[in-house]
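Only one structure is covered here, and it is reproduced in the block below.
Residue numbers (our numbering): 333 to 674.
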């Protein structure tokens, strides 16, 4: 149980969960619809969201029954040592991937701003890794250092408002352009091929709460119905914020939809730059929230301690290094997001 003075409330937890769910992936939803067409994509997205919601409820319920302190501990009680190791590796790969994607998205925003300043060459060749390293170390990595996550709810709230703003901009753009011009001719209703798996991978990344919910719910009062309400509110809000701009973006650009939908929009438009800044905050503050799950997994695997904040300074420094080094290194050398997300 968490002391009441350190508990995170309903709104703050919903904001943290939404910020975790809605990160870089929302910018790739429209592009993913190129794989299977509009109808199949919406159906897949809905199915994935429902499956993820049920899985999250089961995870919370099982944690309440077993009193496990982490996803690792829960798996150990349910499956034993070897399956726990396998599951932990999968969760680590998944969460590391999320962190890499967030860093690349932020790098894309930085590149657009440098282009406006006529210094786009700073994101080319050997200069790009240096810029990415400076950004990563000075912002998202620094946010993984504090032991308590309560302060992140402030950034999470701003980030979610930024997502709302992004959704509103695409809705307005949809009304102003789809009405006179109609739907882009390359938009497909449905198709099925091997790229079905690329599409469902993006949607699974979008609704990834079962794998990362326990660390974020630790500072919430342990009342099941209360936690169910938090999860339900988060999922419903996430679904609407993802599907509405995702569909509109695909209807607008069809087969020309870029990996990141913002690349289809004019970088000289001040409104679009405001959206970019908002998403820069989104991915920067989503990184430490996902990194908390990585820290928890590593802490349990290496030191058998479910709460990384309780580690000694030396042990915690090692966990922080192992948490941040792989995603920062990959983001420095990999400029494209879609191979990472897929």
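Even for Gly, the Cβ is constructed at its ideal location relative to N, Cα and C.
Being a predicted model, the structure only gives us computed values, none of them experimental.
Extent of the continuous alpha helix (DSSP H) to which residue i belongs
i: residue 408; result: 403–411
i: residue 533; result: 528–538
i: residue 711; result: Because the chain spans 333 through 674 in this model, residue 711 falls outside it and cannot be assessed.
i: residue 347; result: 342–353
i: residue 557; result: 556–585
i: residue 627; result: 602–635
i: residue 663; result: 645–665
i: residue 548; result: 541–549
i: residue 464; result: 459–470
i: residue 672; result: 670–673
Alpha carbon of residue i to alpha carbon of residue j, nearest angstrom
i: residue 498; j: residue 414; result: 43 Å
i: residue 549; j: residue 345; result: 7 Å
i: residue 568; j: residue 349; result: 12 Å
i: residue 430; j: residue 515; result: 32 Å
i: residue 637; j: residue 658; result: 22 Å
i: residue 427; j: residue 545; result: 12 Å
i: residue 343; j: residue 610; result: 20 Å
i: residue 365; j: residue 520; result: 9 Å
i: residue 512; j: residue 453; result: 38 Å
i: residue 468; j: residue 434; result: 10 Å
i: residue 518; j: residue 400; result: 50 Å
i: residue 670; j: residue 613; result: 20 Å
i: residue 560; j: residue 387; result: 12 Å
i: residue 641; j: residue 416; result: 22 Å
i: residue 602; j: residue 608; result: 10 Å
i: residue 449; j: residue 598; result: 15 Å
i: residue 557; j: residue 383; result: 19 Å
i: residue 363; j: residue 473; result: 29 Å
i: residue 562; j: residue 606; result: 29 Å
i: residue 532; j: residue 539; result: 11 Å
i: residue 522; j: residue 585; result: 16 Å
i: residue 406; j: residue 647; result: 23 Å
i: residue 542; j: residue 655; result: 20 Å
i: residue 555; j: residue 385; result: 18 Å
i: residue 445; j: residue 552; result: 39 Å
i: residue 600; j: residue 421; result: 43 Å
i: residue 547; j: residue 486; result: 17 Å
i: residue 419; j: residue 447; result: 42 Å
i: residue 537; j: residue 354; result: 10 Å
i: residue 650; j: residue 500; result: 42 Å
i: residue 624; j: residue 587; result: 37 Å
i: residue 461; j: residue 626; result: 23 Å
i: residue 328; j: residue 502; result: What is shown of the chain runs 333 to 674, which leaves residue 328 out entirely.
i: residue 676; j: residue 672; result: Summary: the structure shown does not reach residue 676, with the chain confined to residues 333 through 674, and so no result is reported for it.
i: residue 479; j: residue 459; result: 33 Å
i: residue 667; j: residue 493; result: 27 Å
Under 8 Å between C-beta atoms of residue i and residue j
i: residue 618; j: residue 530; result: no
i: residue 380; j: residue 535; result: yes
i: residue 436; j: residue 463; result: no
i: residue 675; j: residue 374; result: Nothing in the structure corresponds to residue 675, since the chain is present only between 333 and 674.
i: residue 661; j: residue 477; result: no
i: residue 589; j: residue 402; result: no
i: residue 527; j: residue 367; result: yes
i: residue 369; j: residue 663; result: no
i: residue 347; j: residue 565; result: no
i: residue 510; j: residue 410; result: no
Per-residue burial, residue i [other beta carbons within 10 Å of its own, 16 or more giving buried]
i: residue 340; result: buried
i: residue 396; result: exposed
i: residue 644; result: exposed
i: residue 524; result: exposed
i: residue 404; result: buried
i: residue 408; result: buried
i: residue 412; result: exposed
i: residue 352; result: buried
i: residue 432; result: buried
i: residue 466; result: exposed
i: residue 622; result: buried
i: residue 470; result: exposed
i: residue 632; result: buried
i: residue 457; result: exposed
i: residue 425; result: exposed
i: residue 423; result: buried
i: residue 665; result: exposed
Contact test: residue i Cβ vs the ligand PLP heavy atom, cutoff 7 Å
i: residue 352; result: Absence of the ligand PLP is noted for the structure shown, with no ligands found whatsoever.
Is it a yes or a no for the region 569–585 touching the region 371–380, going by three-plus beta-carbon pairs under 8 Å? yes
Report yes or no: do three or more beta-carbon pairs, one from the region 381–392 and one from the region 611–630, lie closer than 8 Å? no
Within 8 Å, do at least three Cβ pairs link the region 504–522 to the region 575–589? yes
Check whether the region 592–611 touches the region 352–367, taking contact to mean three or more Cβ pairs, one atom from each stretch, closer than 8 Å. yes
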